[in-house]
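Below is one structure; the comments refer to it alone.
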Amino acid sequence: MKPVLVSGIKPSGRLHVGNYLGALKQFAELQGSGKYECYFFIADLHAITEPQDPQELHKNILDLFASYLAAGIEPKKSVFFLQSLVPAHSEITWILNTITPMGDLRRMTQFKEKSASQDNENAGLFDYPVLMAGDVLLYDAQTIPVGNDQLQHLELARTLARKFNAHFGKTFVEPKGLLTKTPRVMSLKDPTKKMSKSQPEGCLFLDDEPDAIRAKIARAVTDSGSEVTYDPKKKPGLSNLMDIAAGLRGEGVEAVEKKFEGKSYAEFKKALGELVSAHFAEFRKKKKELLVKPDSLIKILNEGSAEARKVAEKKMAEVKKKVGLAL
Ligand code: ADP
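For the sequence shown, this note's numbering begins at -6 and goes up steadily by one.
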């Protein structure tokens, strides 16, 4: 049997270049390699840990699914599902909660950052890493392609798998993260913060129209200096833009430095604007076409969710039996 790969994205807004370079781009490549059994999901239960407008959330679910497909991930080769349509995700979270130390959750950087920046410091936000552990443990996933912001959560998933196995007997596989060469794209407005859907003002969205892309890149915060040289400490803004250029071109930052030797920041930014708008031209077109037919998107998601339910329910039955909850 092929190793299992699982990854999800929150339907909390349009996808940005960070989601693409940190996760989505490699989803398509890993699926194409034919080496994995792939499960990709829409993490709607994670999305509601931050306030969501119900109608907007529904729209975002279909928008995200269209983005997955437009980025080249194919339902014939992978199982796509909506997390809330697989109740085992919520069920396993409860059981894992009972072996999760509070101290581990209190240490989570994402919880600290998000609870500081939003009014509703809710229990779901605190418990998010346990739900994420359940997301991957349910499928015996070995490989989790994620951005660097998820590594701490993934470490908890490994800890919980070990703890459960030690206590109740071998049940779970310990998952490992798989990072891209661009695992942390920073905000265009503030290069000390990661680009995130919850801070839309710093995002370069994949379906931004060319004019918006050019304008956002032209206005992106850069640093003093004039040479296009890579130095994340002294030139975090420029270096972030260089990371984006290198990630999209599939080459190292040295190649970007070489290409722009003797050129100004303005020339580099102009070229990057053209690169980004050309790179996502096909994506924008496909996504628009897909969103015209929401019914067929819903059908594929329903079918994939039924398939995921079968796998997850089987694991859940095993878990309950091990814990002593089954009759
Ligand atoms: P967001 O923080 O924008 O809401 P999600 O939590 O839905 O994004 O993350 C979806 C995937 O994209 C995850 O694998 C995550 O690690 C990755 N990701 C998110 N933001 C970035 C970023 N700025 N750079 C690289 N990868 C990222």
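C-beta atoms are modelled at their ideal positions from N, C-alpha and C, and glycine is treated no differently.
Check: residue i C-beta below 6 Å from any heavy atom of the ligand ADP
{"i": "Arg7", "result": "no"}
{"i": "Gly15", "result": "yes"}
{"i": "Gly140", "result": "yes"}
{"i": "Gln145", "result": "no"}
{"i": "Asn12", "result": "yes"}
{"i": "Ile41", "result": "no"}
{"i": "Ile2", "result": "yes"}
{"i": "Met188", "result": "yes"}
{"i": "Val79", "result": "no"}
One or two residues paired with residue i in a DSSP bridge
{"i": "Pro168", "result": "Bridge partners of Pro168: none, in fact."}
{"i": "His82", "result": "None; His82 has no bridge partner."}
{"i": "Cys31", "result": "Leu(-2) and Ser71"}
{"i": "Thr136", "result": "Leu(-2) and Lys169"}
{"i": "Lys187", "result": "Met179"}
Where residue i falls: helix, strand or coil (DSSP)
{"i": "Thr152", "result": "helix"}
{"i": "Lys209", "result": "helix"}
{"i": "Phe198", "result": "strand"}
{"i": "Lys228", "result": "coil"}
{"i": "Lys163", "result": "coil"}
Range covered by the alpha helix (DSSP H) that runs through residue i
{"i": "Glu282", "result": "Ala274 to Leu284"}
{"i": "Leu181", "result": "Taken as a continuous stretch (DSSP letters only), Leu181 belongs to no alpha helix (DSSP H), as it is neither H nor E."}
{"i": "Gln45", "result": "From DSSP, Gln45 is part of no alpha helix (DSSP H); its letter is neither H nor E."}
{"i": "Glu300", "result": "Pro287 to Val316"}
{"i": "Tyr13", "result": "Where Tyr13 is concerned, there is no enclosing alpha helix (DSSP H), given that its DSSP letter is neither H nor E."}
{"i": "Tyr121", "result": "Ala116 to Leu130"}
{"i": "Thr252", "result": "In the sequence as presented, Thr is not what sits at residue 252; that position holds Lys. Run containing Lys252: Val246 to Lys252, per the alpha helix (DSSP H) assignment."}
Span separating the alpha-carbon of residue i from that of residue j
{"i": "Phe74", "j": "Leu62", "result": "13 Å"}
{"i": "Leu17", "j": "Pro184", "result": "21 Å"}
{"i": "Glu250", "j": "Asp112", "result": "42 Å"}
{"i": "Leu181", "j": "Leu318", "result": "50 Å"}
{"i": "Leu290", "j": "Glu148", "result": "33 Å"}
{"i": "Lys52", "j": "Phe33", "result": "18 Å"}
{"i": "Ser298", "j": "Lys307", "result": "14 Å"}
{"i": "Lys190", "j": "Ile2", "result": "11 Å"}
{"i": "Glu247", "j": "Glu220", "result": "13 Å"}
{"i": "Pro68", "j": "Ala21", "result": "11 Å"}
{"i": "Thr42", "j": "Leu124", "result": "11 Å"}
{"i": "Leu231", "j": "Ala109", "result": "28 Å"}
{"i": "Cys196", "j": "His146", "result": "23 Å"}
{"i": "Asp216", "j": "Gly96", "result": "39 Å"}
{"i": "Leu284", "j": "Pro229", "result": "36 Å"}
{"i": "Ala259", "j": "Gln103", "result": "34 Å"}
beta-carbon residue i near the ligand ATP non-hydrogen atom, thresh 6 Å
{"i": "Met95", "result": "As presented, the structure is devoid of the ligand ATP, carrying the ligand ADP as its sole ligands."}
Continuous beta strand (DSSP E) stretch holding residue i: start and end
{"i": "Thr102", "result": "Thr102 -> not in any beta strand (DSSP E); alpha helix (DSSP H) instead, spanning Thr102 to Ser110."}
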